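Position 226 of the sequence shown, counted from 1, bears residue number 285 in the working numbering, the numbering being contiguous throughout. Ideal Cβ positions, reconstructed from N, Cα and C, are used throughout, including at glycine. These numbers come from a predicted model, not from an experiment.
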Amino acid sequence: MDSLVSLSKRRGFVYPASDIYGGLANSWDYGPLGSIMKENIKNEWLKEFVFSRDDMILIDSAIIQNSSVWDASGHLTKFSDPMVECLDCHKRFRADNLIEDKLGIDVDGRSAEEIDKIINENNIKCPITAGVLSQVKNFNLMFNTKLGPVDVSSDTVYLRPETCQGIFTNFDNIIKSTRLKLPFGVAQIGKSFRNEITPGNFIFRTLEFEQMEIEYFTKEDNADKDFEYWLNLFEEWYKKIGIKKENLKKVELNETQRAHYSKRTVDIYFNYPFGFKELQSFANRSDYDLTSHSNLSGKKLHYFDEESKTNIVPFVIEPSVGLGRLFLAILSNGYKEEIIGNDKRIVLSLSHRIAPYQLAIFPLIGKDEKINNISQNLYSNLRWKYRCTYDSTGSIGKRYRRQDEIGTPLCITIDNDSSIDNTVTIRDRDSMEQVRVNIDNINEYIDKCFL
C-alpha cells in the first residue's frame, strides 16, 4: 500500500488534498494522470453499459435535494454506523470494525444494544490506548448544512449520501420525456458524501467520492433473472478492463447484513493490499424506493403496462460501484516490481482502455532536424486517435522506466534509421519486446496490439 501511495504522488495520480496545510484526513485530489485515468474508467463504463445499449439512458441529478427525499429513503433514521469513543484519548471508532478486527464477527444489521453487549462481554478496548470505550451510539453519516441565510430558522439540507435517489424522484419525468418501455435502466455518475467515522486505506474510504450507479427497472417476475444478468455482465466487464479473476470474489449477504430496502444483495470483493474488501454491490431494491417516494410525496410513481393494461410499480436492480475503489483496485491489480539485471523495474500493467497514455513518442536525443520532424509529425497524427505523450528528456532507458511506472502500453522510438527506411521501434511495456514497424503501417500495428 505504501508503494501505491508513493507512486501515486510521485507520478501525479493522487495527491493529499490541502497538502500545503498539512492535508485533511482522507481527502484526496486526483493529479494530471489520475484525472485522465479516472475519466477513462468512466468513459469505459458509459460505453459498455449506456451508450452501446438501447435500454439505457443517463441523467445527472442535484447533489442537494429536498430533505423529504432522505426522509422517504430512510436515510434520516436508518443511515448510521455504530460508534464508540475512547474515554482516554477521545478518538472515535466504528464499533463493528473493532469487533470484526478482534473476533472476526460480522455484526451488520445488529442493534446498538447488541453490539454494545458483544464489546463488553469480550472486553474490547481502544486500539490506540487500550482504554475503556463508551457506550455504542448510532452515528448518522450524512453531512448537513443550511439552506439560505445561516440562522436558527434556516432549513436543514443534506449533501446526498448516494446518487440513486435522484433517479427515483425523476422516475415520472423520465417516463414522460423518453417513453421508455420496461425493462430499462437509468445510469448516473456523480459525487456522494458520507461523514465516515473512521475513513482510511488511501482512497478506499473517503468523505467524498464518485459513484457509478445503474437503476434497472423491471417487472417483479423478471427481477431475479435480471439480477443475475447484470451480475454476469459486470464480471465480464472487469475482464475487459484487465482485472484478474483471482482478485475478485462474490459475497452473498444474508438477511441481517442487507440494507433495509434489499431483497437480495451480492457484493463483489477485490483483493486490495489490505485484504478482500467490497468493490461493488448488486442489490434487488424491490419496489421500496418508488413506493416510499409515492407515499410521502403523494405523486404516483408507476408504470402503465400495455400488456396487462394496469399500473405497476417496477422492481429495481442496482449495480453500484465506487469510482475511487475501482481506481484503487485497478492500480493494485496492475502494480508489480521486477528485477532486471541489478535494477528494480516498477510496472503498472494497465489495460490500454484505462491507461492515462496509450503511446509515448521518443525522439532519439540529438539535434537532427529530420528525427525531430518525423517525431513531431508522428505525434501530431497519432494523438488524434490515441492518448499520446511526447518525451525527449533523458536516456531511452530512463524514458522507458518512466512510462512503465505510469502504465503506458507502447513506446515508439524514432532514431537515425527512421529517416532512411521510414521505420520506428515499438516497445511493449509488459514483455519489453521491441519490433521495427513501418510508419505507413503503424496504425494497423497499434490497433492489433490493442485488440
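Minimum Cα-Cα distance from N432 among the listed residues A388, M271, D474 and S86 corresponds to D474.
In this chain, the alpha helix (DSSP H) harbouring C508 covers I501 to C508. In the structure shown, Q462 adopts helical secondary structure according to DSSP, grouped into three states. Bridge pairing for F261: absent [DSSP].
With respect to the 8 Å criterion, S120 and T222 are classified as neighbours on the basis of their beta carbons. Membership of S477 in the alpha helix (DSSP H) is indicated by the continuous run S477 to D480.
Collapsing the DSSP output to three states places T484 in a strand. Taking C-beta separations shorter than 6 Å and ignoring five residues to either side along the sequence, the partners of I430 in its chain run P422, L423 and I473, following chain order. In the three-state reduction of the DSSP assignment, G249 falls in the strand class. Rounded to the nearest angstrom, the gap between the Cα atoms of K403 and R344 is 49 Å. One Cα belongs to D285, the other to I376, and the distance between them is close to 7 Å.
For A282, the enclosing alpha helix (DSSP H) covers residues A282 to K299. Annotation for K298: no residue places its beta carbon closer than 6 Å to its own, counting only its chain and skipping 5 residues before and after.
Distance from the CA atom of S351 to the CA atom of S321, rounded to whole angstroms, is 14 Å. Check the Cα spacing between G453 and each of Q194, Q462 and E314: the tightest is with Q462. Between K457 and D499, the alpha-carbon positions lie close to 28 Å from each other. Taking the Cα of C470 as reference, the smallest distance to any Cα among S490, F363, D476 and A388 is reached at S490. Runs of the beta strand (DSSP E) lying entirely within the stretch 191-217 and spanning at least 3 residues, in chain order: 196-199, 203-206 and 214-217. Leaving aside the five residues that flank Y362 on each side, the residues in its chain whose CB is nearer than 8 Å to its CB run, in chain order, I234, L241, F276, N370, I371, V372 and P373. For Y80, there are no CB contacts under 7 Å within the same chain when 5 residues up- and downstream are skipped.
Only exposed fits M60, as fewer than 16 other CB atoms lie within 10 angstroms of its CB. Less than 8 Å separates the beta-carbon of V73 from that of G93. Around the Cβ of E272, a 10 Å sphere holds 16 or more other Cβ atoms; the residue is buried. When the Cα atoms are used, P186 and E305 turn out to be separated by approximately 32 Å. Annotation: D165 to I174 spans about 10 Å, alpha carbon to alpha carbon. Annotation for S353: K359, L360, H361 and V372 place their beta carbon closer than 8 Å to its own, counting only its chain and skipping 5 residues before and after. Taking a C-beta distance under 8 Å as the contact criterion, N229 and I118 qualify as a contact pair. Counting only residues of its own chain and dropping the five nearest sequence neighbours on each side, V191 has a CB closer than 6 Å to the CB of L146.
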